[in-house]
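Here's the structure we're looking at; comments come further down.
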Amino acid sequence: MGRYRTIYTENQNSDGYEAEKNKTEKIRLRRKLMAIVSCMLIMGIVVQGRFAVKAVKRMVCEQAETVLVDKAEAVADMLDKETTAFFQYVEVLAHSPVLNDRSIPNSKKAKIVYEQAAFNDAIRGIVFCDMDGHGFINSGERVSALNEEWFSAAASGKYFVSEPTVFSSIDTVSFIFAVPIYMGDKITGVLSMIVSSDFFSKKIEPITVGYTGYCSVLGSTGIIIADVNQHFVENKYNIISEAAADESLASFKVFIETALTGQTGVGRYTFMQLPYMAAYSTMQTTGWTVILKAPELELTGAAKKFTSMVVVTSALFLVAAITIVGVAIRKIV
1 MGRYRTIYTE
11 NQNSDGYEAE
21 KNKTEKIRLR
31 RKLMAIVSCM
41 LIMGIVVQGR
51 FAVKAVKRMV
61 CEQAETVLVD
71 KAEAVADMLD
81 KETTAFFQYV
91 EVLAHSPVLN
101 DRSIPNSKKA
111 KIVYEQAAFN
121 DAIRGIVFCD
131 MDGHGFINSG
141 ERVSALNEEW
151 FSAAASGKYF
161 VSEPTVFSSI
171 DTVSFIFAVP
181 IYMGDKITGV
191 LSMIVSSDFF
201 SKKIEPITVG
211 YTGYCSVLGS
221 TGIIIADVNQ
231 HFVENKYNII
241 SEAAADESLA
251 SFKVFIETAL
261 TGQTGVGRYT
271 FMQLPYMAAY
281 STMQTTGWTV
291 ILKAPELELT
301 GAAKKFTSMV
311 VVTSALFLVA
321 AITIVGVAIR
331 KIV
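If you count the sequence shown from 1, position 318 lands on 318 in the working numbering, and the numbers rise without skipping.
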(Lines of atoms letter the chains of each structure in order from A and count residues from 1; the text may use other names and numbers.)
(Lines give C-alpha, C1' and ligand atoms only; values in the text may rest on other atoms or scores of the structure.)
Protein backbone atom coordinates (compact mmCIF):
# COMPACT_ATOMS: atom_id res chain seq x y z
CA MET A 1 0.00 0.00 0.00
CA GLY A 2 2.85 2.38 0.80
CA ARG A 3 4.29 1.89 -2.63
CA TYR A 4 1.00 2.76 -4.39
CA ARG A 5 0.55 5.84 -2.21
CA THR A 6 3.98 7.06 -3.18
CA ILE A 7 3.30 6.61 -6.89
CA TYR A 8 -0.05 8.49 -6.62
CA THR A 9 1.61 11.38 -4.80
CA GLU A 10 4.31 11.66 -7.46
CA ASN A 11 1.70 11.64 -10.25
CA GLN A 12 -0.32 14.30 -8.43
CA ASN A 13 2.74 16.53 -8.07
CA SER A 14 3.54 16.03 -11.74
CA ASP A 15 0.01 17.04 -12.81
CA GLY A 16 0.13 20.16 -10.62
CA TYR A 17 3.45 21.18 -12.13
CA GLU A 18 2.13 20.74 -15.67
CA ALA A 19 -0.99 22.78 -14.85
CA GLU A 20 1.11 25.57 -13.38
CA LYS A 21 3.41 25.48 -16.38
CA ASN A 22 0.48 25.67 -18.80
CA LYS A 23 -0.98 28.57 -16.87
CA THR A 24 2.33 30.44 -17.02
CA GLU A 25 2.63 29.80 -20.76
CA LYS A 26 -0.90 31.10 -21.33
CA ILE A 27 -0.12 34.27 -19.39
CA ARG A 28 3.05 34.80 -21.44
CA LEU A 29 1.16 34.17 -24.66
CA ARG A 30 -1.59 36.59 -23.65
CA ARG A 31 0.99 39.26 -22.84
CA LYS A 32 2.75 38.73 -26.16
CA LEU A 33 -0.53 38.91 -28.06
CA MET A 34 -1.58 41.99 -26.11
CA ALA A 35 1.77 43.65 -26.81
CA ILE A 36 1.61 42.85 -30.54
CA VAL A 37 -2.02 43.92 -30.95
CA SER A 38 -1.49 47.06 -28.84
CA CYS A 39 1.52 48.08 -30.95
CA MET A 40 -0.48 47.54 -34.13
CA LEU A 41 -3.39 49.57 -32.76
CA ILE A 42 -1.12 52.39 -31.60
CA MET A 43 0.73 52.53 -34.94
CA GLY A 44 -2.53 52.46 -36.89
CA ILE A 45 -4.17 55.17 -34.80
CA VAL A 46 -1.07 57.39 -34.82
CA VAL A 47 -0.61 57.10 -38.59
CA GLN A 48 -4.29 57.71 -39.35
CA GLY A 49 -4.46 60.55 -36.85
CA ARG A 50 -1.36 62.17 -38.30
CA PHE A 51 -2.73 61.99 -41.83
CA ALA A 52 -6.06 63.40 -40.65
CA VAL A 53 -4.39 66.29 -38.80
CA LYS A 54 -2.19 67.12 -41.81
CA ALA A 55 -5.19 67.05 -44.14
CA VAL A 56 -7.22 69.32 -41.87
CA LYS A 57 -4.29 71.72 -41.38
CA ARG A 58 -3.82 71.94 -45.13
CA MET A 59 -7.53 72.52 -45.66
CA VAL A 60 -7.74 75.17 -42.91
CA CYS A 61 -4.64 76.98 -44.22
CA GLU A 62 -5.94 76.97 -47.78
CA GLN A 63 -9.30 78.28 -46.60
CA ALA A 64 -7.62 81.01 -44.52
CA GLU A 65 -5.46 82.02 -47.49
CA THR A 66 -8.49 82.20 -49.78
CA VAL A 67 -10.46 84.31 -47.30
CA LEU A 68 -7.48 86.65 -46.78
CA VAL A 69 -6.89 87.16 -50.50
CA ASP A 70 -10.59 87.76 -51.17
CA LYS A 71 -10.71 90.28 -48.33
CA ALA A 72 -7.55 92.05 -49.55
CA GLU A 73 -9.05 92.36 -53.03
CA ALA A 74 -12.31 93.66 -51.56
CA VAL A 75 -10.46 96.30 -49.50
CA ALA A 76 -8.40 97.38 -52.52
CA ASP A 77 -11.61 97.69 -54.54
CA MET A 78 -13.25 99.71 -51.75
CA LEU A 79 -10.29 102.10 -51.56
CA ASP A 80 -10.31 102.45 -55.35
CA LYS A 81 -13.97 103.48 -55.21
CA GLU A 82 -13.29 105.93 -52.37
CA THR A 83 -10.35 107.43 -54.26
CA THR A 84 -12.35 107.71 -57.47
CA ALA A 85 -15.24 109.31 -55.60
CA PHE A 86 -12.93 111.92 -54.07
CA PHE A 87 -11.37 112.67 -57.46
CA GLN A 88 -14.88 113.17 -58.86
CA TYR A 89 -15.57 115.58 -56.02
CA VAL A 90 -12.38 117.53 -56.79
CA GLU A 91 -13.26 117.45 -60.49
CA VAL A 92 -16.64 119.04 -59.75
CA LEU A 93 -14.86 121.85 -57.89
CA ALA A 94 -12.40 122.19 -60.78
CA HIS A 95 -15.35 122.89 -63.09
CA SER A 96 -16.32 125.92 -61.02
CA PRO A 97 -16.70 128.92 -63.38
CA VAL A 98 -14.71 130.99 -60.90
CA LEU A 99 -11.46 129.24 -61.85
CA ASN A 100 -11.66 130.36 -65.49
CA ASP A 101 -13.07 133.81 -64.76
CA ARG A 102 -10.38 136.32 -65.71
CA SER A 103 -12.15 139.09 -63.83
CA ILE A 104 -11.36 137.34 -60.54
CA PRO A 105 -7.73 137.56 -59.35
CA ASN A 106 -5.90 134.23 -59.12
CA SER A 107 -5.06 135.02 -55.51
CA LYS A 108 -8.76 134.79 -54.60
CA LYS A 109 -9.83 131.78 -56.66
CA ALA A 110 -8.54 129.12 -54.23
CA LYS A 111 -10.24 130.89 -51.33
CA ILE A 112 -13.60 130.96 -53.13
CA VAL A 113 -13.39 127.24 -53.96
CA TYR A 114 -12.27 126.45 -50.41
CA GLU A 115 -15.38 128.15 -49.05
CA GLN A 116 -17.47 125.86 -51.27
CA ALA A 117 -15.69 122.82 -49.80
CA ALA A 118 -15.52 124.04 -46.20
CA PHE A 119 -17.94 121.33 -45.00
CA ASN A 120 -15.41 118.60 -45.88
CA ASP A 121 -13.26 118.07 -42.77
CA ALA A 122 -10.63 116.10 -44.71
CA ILE A 123 -9.57 119.13 -46.75
CA ARG A 124 -6.81 121.15 -45.10
CA GLY A 125 -6.28 123.56 -47.96
CA ILE A 126 -6.76 124.24 -51.67
CA VAL A 127 -4.21 125.42 -54.21
CA PHE A 128 -5.00 127.00 -57.58
CA CYS A 129 -2.19 127.07 -60.14
CA ASP A 130 -1.96 128.54 -63.61
CA MET A 131 -0.10 126.70 -66.36
CA ASP A 132 3.15 128.46 -65.48
CA GLY A 133 3.17 126.84 -62.04
CA HIS A 134 2.30 130.03 -60.20
CA GLY A 135 -0.09 129.08 -57.42
CA PHE A 136 -2.13 130.51 -54.60
CA ILE A 137 -3.34 128.77 -51.45
CA ASN A 138 -6.79 129.54 -50.07
CA SER A 139 -5.07 131.64 -47.40
CA GLY A 140 -3.85 133.96 -50.16
CA GLU A 141 -0.22 132.84 -49.87
CA ARG A 142 1.65 132.52 -53.13
CA VAL A 143 3.56 129.30 -53.96
CA SER A 144 5.57 127.92 -56.85
CA ALA A 145 4.47 124.48 -58.04
CA LEU A 146 6.38 124.29 -61.31
CA ASN A 147 8.75 121.57 -60.06
CA GLU A 148 6.15 119.62 -58.09
CA GLU A 149 5.23 116.14 -59.32
CA TRP A 150 1.54 116.67 -58.67
CA PHE A 151 1.52 119.84 -60.78
CA SER A 152 3.34 118.22 -63.71
CA ALA A 153 0.96 115.25 -63.69
CA ALA A 154 -2.23 117.32 -63.53
CA ALA A 155 -0.96 119.88 -66.05
CA SER A 156 -0.52 117.02 -68.52
CA GLY A 157 -4.13 115.91 -68.01
CA LYS A 158 -3.67 113.21 -65.37
CA TYR A 159 -5.28 112.78 -61.97
CA PHE A 160 -2.66 112.58 -59.25
CA VAL A 161 -2.60 111.64 -55.57
CA SER A 162 0.64 111.87 -53.64
CA GLU A 163 2.08 109.67 -50.93
CA PRO A 164 2.22 111.34 -47.48
CA THR A 165 4.15 114.57 -47.93
CA VAL A 166 4.72 117.91 -46.24
CA PHE A 167 3.29 120.70 -48.39
CA SER A 168 5.60 123.69 -48.59
CA SER A 169 3.20 126.08 -46.86
CA ILE A 170 1.45 123.69 -44.48
CA ASP A 171 3.76 122.17 -41.89
CA THR A 172 1.87 118.88 -41.52
CA VAL A 173 1.99 115.60 -43.40
CA SER A 174 -0.82 115.49 -45.96
CA PHE A 175 -1.97 113.93 -49.21
CA ILE A 176 -2.29 116.04 -52.33
CA PHE A 177 -5.06 115.32 -54.83
CA ALA A 178 -4.52 117.24 -58.06
CA VAL A 179 -6.70 117.47 -61.19
CA PRO A 180 -6.51 119.57 -64.36
CA ILE A 181 -8.78 122.58 -64.86
CA TYR A 182 -10.39 122.66 -68.29
CA MET A 183 -11.93 125.34 -70.44
CA GLY A 184 -13.51 123.28 -73.16
CA ASP A 185 -10.81 120.85 -74.29
CA LYS A 186 -7.95 123.06 -73.16
CA ILE A 187 -6.17 122.69 -69.81
CA THR A 188 -5.97 126.13 -68.22
CA GLY A 189 -4.63 125.30 -64.77
CA VAL A 190 -4.40 122.83 -61.90
CA LEU A 191 -6.55 122.50 -58.80
CA SER A 192 -5.09 120.58 -55.88
CA MET A 193 -6.54 119.58 -52.54
CA ILE A 194 -4.37 119.27 -49.44
CA VAL A 195 -5.99 116.37 -47.58
CA SER A 196 -5.43 115.22 -43.99
CA SER A 197 -2.96 112.37 -43.43
CA ASP A 198 -5.60 110.13 -41.86
CA PHE A 199 -7.82 110.20 -44.96
CA PHE A 200 -7.06 106.60 -45.94
CA SER A 201 -6.40 105.36 -42.40
CA LYS A 202 -10.00 106.15 -41.46
CA LYS A 203 -11.22 104.07 -44.40
CA ILE A 204 -9.42 100.93 -43.21
CA GLU A 205 -9.74 101.44 -39.45
CA PRO A 206 -12.82 99.16 -39.04
CA ILE A 207 -11.19 96.30 -40.97
CA THR A 208 -9.98 93.45 -38.77
CA VAL A 209 -8.41 90.05 -39.41
CA GLY A 210 -8.66 87.30 -36.82
CA TYR A 211 -8.48 88.72 -33.30
CA THR A 212 -5.57 91.17 -33.53
CA GLY A 213 -4.90 91.39 -37.27
CA TYR A 214 -5.51 94.56 -39.27
CA CYS A 215 -5.06 96.29 -42.62
CA SER A 216 -2.28 98.55 -43.91
CA VAL A 217 -1.65 100.32 -47.20
CA LEU A 218 1.87 100.78 -48.59
CA GLY A 219 3.19 103.07 -51.29
CA SER A 220 5.40 101.85 -54.13
CA THR A 221 8.60 102.49 -52.15
CA GLY A 222 7.37 100.96 -48.89
CA ILE A 223 6.18 104.15 -47.20
CA ILE A 224 3.05 103.62 -45.11
CA ILE A 225 -0.02 105.25 -46.65
CA ALA A 226 -2.59 104.05 -44.11
CA ASP A 227 -2.41 102.12 -40.86
CA VAL A 228 -4.30 101.67 -37.60
CA ASN A 229 -1.32 103.40 -36.00
CA GLN A 230 -1.49 106.88 -37.51
CA HIS A 231 1.95 107.64 -36.06
CA PHE A 232 3.53 105.64 -38.92
CA VAL A 233 1.77 107.75 -41.55
CA GLU A 234 2.53 111.09 -39.93
CA ASN A 235 6.22 110.20 -39.66
CA LYS A 236 6.40 108.90 -43.24
CA TYR A 237 7.62 105.56 -41.95
CA ASN A 238 9.24 103.44 -44.68
CA ILE A 239 8.76 99.81 -43.79
CA ILE A 240 11.36 98.46 -46.25
CA SER A 241 14.12 100.74 -44.96
CA GLU A 242 13.36 99.76 -41.37
CA ALA A 243 13.22 96.04 -42.19
CA ALA A 244 16.52 96.24 -44.08
CA ALA A 245 18.22 97.60 -40.96
CA ASP A 246 17.03 94.72 -38.75
CA GLU A 247 18.22 91.18 -39.53
CA SER A 248 15.39 89.65 -37.49
CA LEU A 249 12.94 91.12 -40.03
CA ALA A 250 14.53 89.41 -43.05
CA SER A 251 11.46 87.28 -43.85
CA PHE A 252 9.22 90.31 -43.34
CA LYS A 253 11.32 92.33 -45.80
CA VAL A 254 11.10 89.56 -48.42
CA PHE A 255 7.33 89.41 -48.00
CA ILE A 256 6.92 93.19 -48.38
CA GLU A 257 9.13 93.28 -51.48
CA THR A 258 7.01 90.50 -53.00
CA ALA A 259 3.78 92.29 -52.08
CA LEU A 260 4.96 95.48 -53.80
CA THR A 261 5.36 93.79 -57.19
CA GLY A 262 1.82 94.72 -58.15
CA GLN A 263 0.31 91.25 -57.88
CA THR A 264 -2.32 89.68 -55.64
CA GLY A 265 -1.28 86.84 -53.36
CA VAL A 266 -0.60 85.52 -49.89
CA GLY A 267 2.56 84.89 -47.91
CA ARG A 268 4.05 84.23 -44.51
CA TYR A 269 6.73 85.89 -42.42
CA THR A 270 8.00 86.10 -38.87
CA PHE A 271 7.57 89.28 -36.87
CA MET A 272 8.65 89.59 -33.23
CA GLN A 273 9.24 85.80 -33.27
CA LEU A 274 5.58 85.23 -34.14
CA PRO A 275 4.52 83.55 -37.43
CA TYR A 276 2.20 85.75 -39.50
CA MET A 277 -0.01 85.09 -42.50
CA ALA A 278 -0.78 88.00 -44.81
CA ALA A 279 -2.47 88.71 -48.14
CA TYR A 280 -1.84 91.59 -50.52
CA SER A 281 -3.61 93.23 -53.43
CA THR A 282 -2.88 96.29 -55.56
CA MET A 283 -5.13 99.34 -55.92
CA GLN A 284 -5.86 100.15 -59.55
CA THR A 285 -6.19 103.91 -59.05
CA THR A 286 -2.90 104.55 -57.25
CA GLY A 287 -0.77 101.41 -57.56
CA TRP A 288 -0.55 101.23 -53.77
CA THR A 289 -0.59 97.86 -52.03
CA VAL A 290 -3.24 96.75 -49.54
CA ILE A 291 -1.97 94.27 -46.94
CA LEU A 292 -4.09 92.27 -44.50
CA LYS A 293 -2.14 90.46 -41.81
CA ALA A 294 -2.68 88.48 -38.61
CA PRO A 295 -0.82 85.93 -36.46
CA GLU A 296 -1.11 82.59 -38.24
CA LEU A 297 -2.43 80.90 -35.11
CA GLU A 298 -5.46 83.19 -35.11
CA LEU A 299 -6.33 82.15 -38.66
CA THR A 300 -5.65 78.44 -38.27
CA GLY A 301 -6.96 77.95 -34.73
CA ALA A 302 -9.52 75.41 -35.99
CA ALA A 303 -6.68 73.08 -36.95
CA LYS A 304 -5.27 73.23 -33.43
CA LYS A 305 -8.68 72.41 -31.95
CA PHE A 306 -9.02 69.51 -34.36
CA THR A 307 -5.57 68.22 -33.37
CA SER A 308 -6.54 68.28 -29.69
CA MET A 309 -9.80 66.50 -30.52
CA VAL A 310 -7.94 63.83 -32.51
CA VAL A 311 -5.51 63.23 -29.63
CA VAL A 312 -8.30 62.85 -27.07
CA THR A 313 -10.47 60.70 -29.36
CA SER A 314 -7.52 58.50 -30.32
CA ALA A 315 -6.57 57.99 -26.67
CA LEU A 316 -10.12 56.98 -25.73
CA PHE A 317 -10.42 54.69 -28.73
CA LEU A 318 -7.07 53.10 -27.93
CA VAL A 319 -8.05 52.40 -24.32
CA ALA A 320 -11.38 50.92 -25.42
CA ALA A 321 -9.79 48.83 -28.16
CA ILE A 322 -7.07 47.44 -25.88
CA THR A 323 -9.68 46.57 -23.25
CA ILE A 324 -11.85 44.72 -25.78
CA VAL A 325 -8.85 42.94 -27.27
CA GLY A 326 -7.67 41.95 -23.80
CA VAL A 327 -11.04 40.38 -22.97
CA ALA A 328 -11.12 38.58 -26.32
CA ILE A 329 -7.61 37.18 -25.87
CA ARG A 330 -8.49 35.92 -22.40
CA LYS A 331 -11.41 33.98 -23.82
CA ILE A 332 -9.43 32.59 -26.74
CA VAL A 333 -6.21 31.74 -24.90
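For each residue, glycine too, the CB sits at the ideal point set by N, CA and C. Nothing here was measured: the structure is a model prediction, and the numbers come from that model.
Query                                                                                                                                                                    : Result
How many Å lie between Tyr276 and Glu65 at the Cα?                                                                                                                       : 12 Å
Within 8 Å, do at least three Cβ pairs link the region 255-272 to the region 283-291?                                                                                    : yes
Leaving out five residues on either side along the sequence, give the residues of the same chain with a beta carbon under 8 Å from the beta carbon of Val113.            : Leu93, Ser96, Val98, Leu99, Ile126, Phe128, Asn138 and Leu191
Less than 8 Å separating the beta-carbons of Ile204 and Val69?                                                                                                           : no
Cβ atoms of Lys109 and Gly140: under 8 Å apart, would you say?                                                                                                           : no
Quick one: complete alpha helix (DSSP H) runs, 4+ long, within the region 218-296?                                                                                       : 230-234, 239-244 and 250-259
Terminal residues of the continuous alpha helix (DSSP H) containing Lys202?                                                                                              : Phe199 to Ile204
Could you tell me the boundaries of the beta strand (DSSP E) in which Phe119 lies?                                                                                       : Careful: Phe119 lies outside any beta strand (DSSP E) and carries neither H nor E.
Could you check where the beta strand (DSSP E) with Phe177 kicks off and where it finishes?                                                                              : Val173 to Met183
Out of Thr24, Gly265, Arg268 and Ser220, state which residue places its alpha-carbon closest to the alpha-carbon of Asn238.                                              : Ser220
For Ala294, tell me which candidate among Val266, Gly222 and Lys202 has the shortest Cα-Cα distance.                                                                     : Val266
Secondary structure at Tyr4, three-state DSSP: helix, strand or coil?                                                                                                    : A caution first: Tyr4 carries a pLDDT of 48, below 50, which makes its placement in the model unreliable, though a value can still be read off. Helix, per DSSP.
Using three-state DSSP, classify Leu79 as helix, strand or coil.                                                                                                         : helix
Which whole-angstrom value is the C-beta distance of Phe199 and Phe175, which I expect to be below 8 Å?                                                                  : 6 Å
Indicate the three-state DSSP secondary structure (helix, strand or coil) for Ser107 in the structure shown.                                                             : helix
In the structure shown, what three-state DSSP assignment does Phe306 receive?                                                                                            : A caution first: Phe306 carries a pLDDT of 48, below 50, which makes its placement in the model unreliable, though a value can still be read off. Note: Phe306 maps to helix in three-state DSSP.
Could you pull the DSSP bridge partners for His95 from this structure?                                                                                                   : Paired residue(s): none; His95 is not in a bridge.
Enumerate in chain order the residues of its own chain whose CB-to-CB distance from Lys236 is below 7 Å, with the five nearest sequence positions on each side excluded. : Pro164, Val173 and Ile223
So which of Gly213, Tyr159, Cys215 and Ser201 has the shortest CA-CA distance to Gly189?                                                                                 : Tyr159
For a test of the three-state rule: what should DSSP assign to Ser152, helix, strand or coil?                                                                            : helix
To the nearest angstrom, how far is it from the Cα of Met131 to the Cα of Glu242?                                                                                        : 39 Å
Determine the contact status of Val161 and Thr83, defining contact as a CB-CB distance below 8 Å.                                                                        : yes
Among Asp171, Leu297, Asn106 and Met78, whose alpha-carbon lies nearest the alpha-carbon of Gly210?                                                                      : Leu297
Helix, strand or coil: how does DSSP classify Tyr211 here?                                                                                                               : coil
Who pairs with Cys129 in a beta bridge, going by DSSP?                                                                                                                   : Gly135 and Val190
Restricting to Cα atoms, I'd like to know which of Ile123, Ala278 and Phe232 is closest to Phe252.                                                                       : Ala278
Between which two residues does the beta strand (DSSP E) containing Ser334 stretch?                                                                                      : For residue 334 there is no data in the structure shown, the boundaries of the chain being 1 and 333.
Is it the case that the Cβ atoms of Ala122 and Gly133 are separated by a distance below 8 Å?                                                                             : no
Mapping DSSP to helix, strand and coil, what is Thr24?                                                                                                                   : helix
Give the C-beta separation of Val233 and Ser196 to the nearest angstrom, bearing in mind that I take them to be a contact with Cβ-Cβ under 8 Å.                          : With 8 Å as the limit, Val233 and Ser196 do not qualify as a contact, their Cβ atoms being about 10 Å apart.
Please state if the CB of Asp101 and the CB of Gln284 are separated by a distance shorter than 8 Å.                                                                      : no
Decide if Ala154 is buried, meaning its Cβ has at least 16 other Cβ atoms within 10 Å, or exposed.                                                                       : buried
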